[in-house]
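Numbered per the UniProt record's numbering, the sequence shown spans residues 1 to 529. For every residue, glycine included, the Cβ atom is placed at its ideal position computed from N, Cα and C. The model shown is predicted, which means the values in this text are computed figures rather than measured ones.
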Amino acid sequence: MMIKETSLRRDPDLRGELAFLARGCDFVLPSRFKKRLKSFQQTQIQNKPEKKPGTPLPPPATSPSSPRPLSPVPHVNNVVNAPLSINIPRFYFPEGLPDTCSNHEQTLSRIETAFMDIEDQKADIYEMGKIAKVCGCPLYWKAPMFRAAGGEKTGFVTAQSFIAMWRKLLNNHHDDASKFICLLAKPNCSSLEQEDFIPLLQDVVDTHPGLTFLKDAPEFHSRYITTVIQRIFYTVNRSWSGKITSTEIRKSNFLQTLALLEEEEDINQITDYFSYEHFYVIYCKFWELDTDHDLYISQADLSRYNDQASSSRIIERIFSGAVTRGKTIQKEGRMSYADFVWFLISEEDKRNPTSIEYWFRCMDVDGDGVLSMYELEYFYEEQCERMEAMGIEPLPFHDLLCQMLDLVKPAVDGKITLRDLKRCRMAHIFYDTFFNLEKYLDHEQRDPFAVQKDVENDGPEPSDWDRFAAEEYETLVAEESAQAQFQEGFEDYETDEPASPSEFGNKGNKILSASLPEKCGKLQSVDEE
């Protein structure tokens, strides 16, 4: 279809879009422009006057007698397509922004030289640490690199296989997050699932100097690894999809924390993800509730946490599957240790963004994304009943509702959204009011000015979870020390031989690592089953 220049000028909308495209404006999509162009052509055909019999045909467009030749169609296509490919630069790089200054061949040459220093040019997983440093990666990338190069099948990696793998990775992945996903993920997968982290974390357990005592208790490796994986997904997987993407890795501090393992020998100083003290606290809390020690707890078991501080209605919502994965908790009414990790962190740190989302899902009974006044009253009813049983006169719901609305200041009256709770920075007080009686009473007795001061303080203070874990760990240490001293005193009374200070010191250093096997003697048999 030939388009006259005069026809284009008569359509101001089409002329404006052509002008936008000429400037490289990205607001006019090619598909939308094609639709407008097709519509304009159809209009031209409909408005074309019908030919009367005997009317001579107009001269052809290519006739040399025509004073103004018609613009050919290819010329119009060039006007449309050229600006799209030239003026709109690429802005989305899912595998990272390519670095044009990097010299991949030089890096590969250094890797080849490093393999020459290894016997038979075959590196095992321990020697892979040297190769990781030559590649410019943190030390604990060595296990994923070893597996990606095929070392798991043969027990070693040759220079040829590793260089081929690393060349392909450098050509297709351009930042640390994308490379990390590629090394750990299954073939043809662009995200990480929970089991993908097991080889990496097993290598940390086997080689980190801060976890050497776990070599004598291999049955607890899986529990520690499970705890770290759940903490990773709790913090990094902001989409709640169960799959970590490269975008989520980039927005988190996981890769930076993983690099710190190489520098810090005391793993307890790395409170994010890897702290053994935090694992110890979580597992001891779970073991206290798991009376039959089958690594599952029931709804009645969970209700006993913290002297039944949480209401039965919120526990019912947890077991309804609102915040848990899999169908075990819904079909069998049992919570696994992995789900308990999420519960404990959310319960003890309600300022955390994931915790705010966790409890919002629980309170949003109808799942409409809004906490209505009926849902708030449903949870507050049980709080009132429990306070009356304790001889405390509860605040009427209408008065409490006014306080909560003043606290949250929702954008829409009568409807509290997740965004409102995150913005108000008082979500921990809001949640405790409706389903944690002990903490609610603590908030009521606290100075309101001190609460406001905590909210306004943006300094790098430890989180509520870090404080809770530190306090609980000190309590557990004191209990274990007292128990060890009592046992030693009893043995001394029987043998009448005083223990040497050195022996007591050695035993004291092993209290925490030895106490878990004593408490969890059935764990290994349960895992084997």
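What's the call for residue i, buried or exposed, on a 16-neighbour Cβ count within 10 Å?
| i | result |
| --- | --- |
| TYR92 | exposed |
| PHE213 | exposed |
| HIS278 | buried |
| SER362 | Reading off the sequence, residue 362 comes out as Cys, not Ser. It counts as buried. |
| ASN188 | exposed |
| ASP413 | exposed |
| TRP240 | exposed |
| THR154 | exposed |
| SER39 | exposed |
| HIS428 | buried |
| ASP406 | exposed |
| ASP203 | buried |
| LEU192 | buried |
| PRO89 | exposed |
| MET245 | In the sequence under discussion, the amino acid at residue 245 is Thr, which differs from the Met named in the question. Under this definition THR245 is a buried residue. |
| ASP364 | buried |
| MET116 | exposed |
| THR226 | buried |
| PHE146 | buried |
Would you mind working out which of the options sits nearest residue i, comparing C-alpha positions?
| i | options | result |
| --- | --- | --- |
| ILE198 | HIS221, ASN352, TYR380, ILE329 | HIS221 |
| ARG334 | GLY367, ASP292, TYR374 | ASP292 |
| VAL408 | ASP420, TYR431, GLY414, SER39 | ASP420 |
| ILE163 | SER239, ILE131, PHE319 | ILE131 |
| PHE360 | ARG325, TYR431, LEU405 | TYR431 |
| THR107 | PHE156, LYS168, LEU139, ILE118 | LYS168 |
| ASP216 | ARG304, GLU479, VAL205 | VAL205 |
| ALA143 | PRO94, HIS208, PRO98 | HIS208 |
| PRO462 | ASP349, ARG325, LYS243, HIS443 | ASP349 |
| HIS173 | TYR296, ARG386, SER190 | SER190 |
| GLU119 | VAL157, ARG313, GLU474, GLU95 | VAL157 |
| GLN403 | THR417, TYR358, GLU444, LYS439 | GLU444 |
| GLN160 | GLN121, ARG147, GLN194, LEU289 | GLN121 |
| GLU316 | GLN299, THR324, GLU332, ALA309 | GLN299 |
| GLY370 | MET390, ALA389, PRO410 | Correcting the residue type first, residue 370 is Val in the shown sequence and not Gly. Ranking the options by Cα distance to VAL370, first place goes to PRO410. |
| ALA123 | SER102, ASP99, ALA149, CYS137 | ALA149 |
| GLU480 | CYS284, ASP364, ARG223 | CYS284 |
| THR324 | GLY129, TYR337, GLY136 | TYR337 |
| ARG313 | LEU260, GLU381, ARG351, ASP307 | GLU381 |
| SER102 | SER275, ASN87, GLY136, GLU127 | GLY136 |
| ASP368 | LEU295, GLY391, ILE416 | ILE416 |
| residue 563 | GLN485, MET145, GLU95, LEU418 | Within the shown structure, residues of the chain are numbered from 1 to 529, placing residue 563 beyond reach of any answer. |
| LEU139 | LEU261, TYR224, PRO218 | LEU261 |
Which same chain residues end up closer than 6 Å to residue i when comparing Cβ atoms and leaving out the 5 residues on each side of it in sequence?
| i | result |
| --- | --- |
| VAL79 | Residue placement at VAL79 is poorly supported in this model, since its pLDDT is 47, which falls under 50; the coordinates still yield a value, given next. Once the five neighbours on either side are set aside, VAL79 has no close Cβ partner at all. |
| LEU400 | none |
| ILE232 | TYR273 |
| VAL281 | ALA469, GLU472, TYR473 |
| PHE286 | TYR337, PHE340 |
Whole-angstrom Cβ separation of residue i and residue j, contact assumed at under 8 Å?
| i | j | result |
| --- | --- | --- |
| GLN383 | LEU441 | Not a contact, Cβ separation roughly 10 Å. |
| LEU201 | TRP141 | With 8 Å as the limit, LEU201 and TRP141 do not qualify as a contact, their Cβ atoms being about 13 Å apart. |
| TYR273 | THR257 | 6 Å |
| LYS151 | ILE181 | It is Gly, not Lys, that sits at residue 151 in the sequence shown. About 19 Å separates the two Cβ atoms, so there is no contact after all. |
| PHE340 | ILE318 | The pair is not a contact, with the Cβ atoms about 10 Å apart (cut-off 8 Å). |
| PHE434 | PHE379 | 4 Å |
| PHE254 | VAL228 | Contact doesn't hold; Cβ gap of about 11 Å is too wide. |
| ALA322 | ARG250 | Not really, about 29 Å apart at Cβ, beyond 8 Å. |
| TYR358 | SER346 | 4 Å |
| ILE297 | ASP307 | Wrong, their Cβ atoms sit about 16 Å apart, outside the cutoff. |
For residue i, collect the residues of the same chain with a Cβ closer than 7 Å to its Cβ; drop the 5 residues on either side in sequence, then sort them by chain order.
| i | result |
| --- | --- |
| VAL134 | ARG110, ILE111, ALA114 |
| GLU377 | PHE397 |
| ILE329 | PHE319, GLY321, MET335, ASP339 |
| THR43 | none |
| GLU393 | none |
| GLU265 | PRO209, GLY210 |
| GLU127 | ILE118 |
| GLN230 | ALA338, VAL341, TRP342 |
| LYS243 | SER191, LEU192, GLU193 |
By Cβ distance, which residues of its chain are closer than 8 Å to residue i, with the 5 residues on each side in sequence left out?
| i | result |
| --- | --- |
| HIS104 | ARG167, LEU170, ASN171 |
| LYS422 | PRO353, ILE356 |
| ASP196 | LEU184, ALA185, LYS186 |
| ASP466 | THR271 |
| LEU97 | HIS174, ASP175 |
| GLU375 | MET363, ASP364, VAL365, ASP366 |
Tell me whether residue i counts as near the ligand FAD, meaning its Cβ is closer than 8 Å to at least one heavy atom of that ligand.
| i | result |
| --- | --- |
| LEU261 | No copy of the ligand FAD occurs in the structure displayed, which carries no ligand at all. |
Measure from the C-beta of residue i to each C-beta in chain B and report whether the shortest distance is under 9 Å.
| i | result |
| --- | --- |
| TYR374 | Of the protein chains in this structure there is only one, and it is not chain B. |
What are the uninterrupted segments assigned as alpha helix (DSSP H) that are 4 or more residues long and contained completely in the region 134-174, given in chain order?
142-148, 151-154, 159-172
Where in the region 289-359 do unbroken runs of the alpha helix (DSSP H), each at least 4 residues long, occur, reported from the N-terminal end onward?
List check, alpha helix (DSSP H) in window: 299-303, 312-319, 328-331, 337-348.
Where in the region 353-393 do unbroken runs of the beta strand (DSSP E), each at least 3 residues long, occur, reported from the N-terminal end onward?
Within the region 353-393, no complete beta strand (DSSP E) run reaches 3 residues.
Please specify which runs of the alpha helix (DSSP H), each continuous and at least 4 residues long, are wholly inside the region 177-211, giving them in chain order.
198-207
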